[in-house]
Structure formats: structure tokens, C-alpha cells
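K.L.:
Numbering (our numbering), first residue to last: 930 to 1283.
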């Protein structure tokens, strides 16, 4: 038996104010059960939206863990290590790495127990804990957007805003592997040239600022870059004028796909783009894809793993909050999560257990 420390919430609201620490005992695994210890997990926007009560897919609040009030454990994505297996388990052994197969697993906890059919084994060579802990959302989103929305072929062009986001950088690297040219829009800043060089080192074809993106005249420059090739796809995670700008860069019959809205402004598309260029606007949600086609999710994970292990997707920097499992007090444990939630507004956050 092990004692798990979990970050739970029983009401919806401001995440840093809603979360609580809850400790519960987990019996030894039986038959087809697997006992897990957490290694790392991200703090994703969707995790916070669930606690706020505004995300379409949310875990049910229950008393399953023995809480006084119906509660849920935070987190959808994360990396675990196997520390115990039931007598009927054949697909896992002690010290294997794995990730949850489905969303709403509740990854914000030190230990968990589930059945082996709800886990996906992850190789622990040629891949970092950071990459393994984040591949089922961000990296998978990047891959599926490039391969399922339109038929992109080597030599084609696409454009995206949020080029410096976690998904944006994965898009750059996967597109390079697939032979697709990328135009990447980023916010202007004093260190813009340094940022451009970082994205070029990942494989970006072109990097432009939001000011350039919003300039109608700059479209002429893009035509010079593409030399007659089609800009078939625009990926939008910002909204507002940024979405208008990337949509204007599309070739006739192009598609703009929205997978986020960081500006919290509506997607604003001129009528003329629909009438005279016949563009299409669609949404993309990796959770819906995974629920509708579980096999596609597994195929995506396997392909993304191959890219990572072959060195096509580089490891990336994050702000790591490290929890020492054996020595951290309950107060320190909870505060690590509160700090990560607050800091997630500035940079990508990961919780690491050591």
C-alpha cells in the first residue's frame, strides 16, 4: 500500500484558490491493475479551464477517493513509472514508463492505480521526461493538424500564429520533417532577432511579427517567398486581428483551423475571403479526435515517439517545479502547484517528482 498526495478541487473557480491537497491510501494492485508513481506532468491551459468550469470535457466530481465533498483530481496529461503490477498484467513491468490513454485521468498526484488497458507504454530511451509528459496533447495536436485537416505535400506552405508556443514549435519541427514550409507569426519584442534565430534553428522557413502579419502590403512579400506555391493551411491559436492576418495569407480554397484563443477575442474573418477565395474555417480539438477515434490517438503517439527518438523533435525548455517526494511537506507540495498555476501565465510549467 502507498499513500498518494493528490491535488483536487470540489468547486469551480480560480484554479489557485480552488485546489486542495488530499491524501489517500492506495491498496496493492490486484489482477490487471498497475500501480503508478508520477514522474512529471505539465500545467496545461485545458487543465486550468477544467477547474474554472469552462472546459467542455471535465471529470465528474465524485467521492471515489474518499473526499468529504465530491471532487476531481486535476490534470489530463503526464508521465508515470510503474511501481507495482497485478498478477494478470502482461504488458508492463516494474520501472516501465507510461501515460494515460484517456483524458480526465487526474495526473496531478504523486501516485495512482488503474488497469493496464487504460495506459500506453512509453519507451524510456532517446526521450526526455519533459517530452514524454507532454507528447499526448501539444505534440500530438501539432502532428494531427498538419496531417488530417488538409492534404499537405512536400513543398506546400502553411502559416501559423503563436509560432513560439509549445504547439507552434512542434508544428515547425514536424513540418520540416514532412517537407512543408512554415510561415510563423510571433509577437514583436526587443529580442525579436534572437527569437527568430531560435525558430529558424528548429526548422522554420520564415518568421514574421504580428505587425507584418497585419499589413496587407506584406502579402506581396509572402508571394515572393512562395513563388507560386499554395499556402493551404493556417493554424490559429490567438484569434482577433492575428487570425484575420493569417487568413488573408491563404491561397484560394485554403483552410484556417482554430485550436485556441489566447487573445480571448473572436476569430475575425472578412466576408470577402469566403466569397472570392473560397476559404474554409474549421475547429480542431485533440480531445474530440481522441474520443472519436482512439486508434488514431495511438497511431499519432507512435508516430510522434518515432520523430522524438530519431531526433526530429528537440527537447524544450520549461519552468520546472520540482517536488521531492520523500521530504516535501504537505504545504510545500500544495504550494508548488499554486506557484506553477500562477507562473503558467508567463511560461510553460511542468511539475517534476524526484
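A virtual CB, placed ideally from N, CA and C, is assigned to each residue, including glycine.
Span of the beta strand (DSSP E) holding residue 1088?
P.N.:
1086-1089
K.L.:
Kindly indicate which residue of 1037, 1033, 1020 has the alpha-carbon position closest to the one of residue 1045.
P.N.:
1020
K.L.:
Looking only at C-alpha atoms, which of 1177, 1215, 1128, 1204 sits nearest to residue 1197?
P.N.:
When the alpha-carbon of residue 1197 is set against those of 1177, 1215, 1128, 1204, the nearest one is in 1177.
K.L.:
Where DSSP assigns a beta bridge to residue 1186, which residues make up the other side?
P.N.:
1164, 1211
K.L.:
Let's see if you can read the secondary structure: which residues bound the beta strand (DSSP E) around residue 1028?
P.N.:
1026-1029
K.L.:
DSSP three-state label for residue 1204, please.
P.N.:
helix
K.L.:
For the structure I just gave you, are there three or more beta carbon pairs, one from the stretch 1108-1115 and one from the stretch 1127-1147, closer than 8 Å?
P.N.:
yes
K.L.:
Rounded C-beta distance between residue 1076 and residue 1099? I'm assuming under 8 Å.
P.N.:
Rounded, the Cβ-Cβ distance is 13 Å, inconsistent with contact.
K.L.:
Skipping 5 residues on each side, what residues in its chain have a beta carbon closer than 6 Å to that of residue 1055?
P.N.:
Closer than 6 Å at Cβ, skipping near neighbours: 1238.
K.L.:
Reducing DSSP to helix, strand and coil, say where residue 1309 ends up.
P.N.:
Within the shown structure, residues of the chain are numbered from 930 to 1283, placing residue 1309 beyond reach of any answer.
K.L.:
Taking the alpha-carbon positions, what's the residue 1036 to residue 1061 distance?
P.N.:
Rounded to whole angstroms, residue 1036 to residue 1061 spans 14 Å at the Cα level.
K.L.:
Could you check if residue 1205 is buried or exposed, using at least 16 other CB atoms within 10 Å of its CB as the buried criterion?
P.N.:
exposed
K.L.:
With residue 1112 as the anchor, note down where its beta strand (DSSP E) starts and where it stops.
P.N.:
1110-1115
K.L.:
Roughly how many angstroms lie between the CA atoms of residue 1013 and residue 1031, to the nearest whole one?
P.N.:
21 Å
K.L.:
Which same chain residues, not among the five before or five after residue 1015, have their C-beta less than 6 Å away from its C-beta?
P.N.:
958, 959, 960, 961, 962
K.L.:
If residue 945 and residue 1270 are in contact, beta carbons under 8 Å, what's the gap, nearest whole angstrom?
P.N.:
5 Å
K.L.:
Near residue 1194, what residues of its chain come up, given a Cβ to Cβ distance below 6 Å and the 5 sequence neighbours on each side ignored?
P.N.:
1168, 1169
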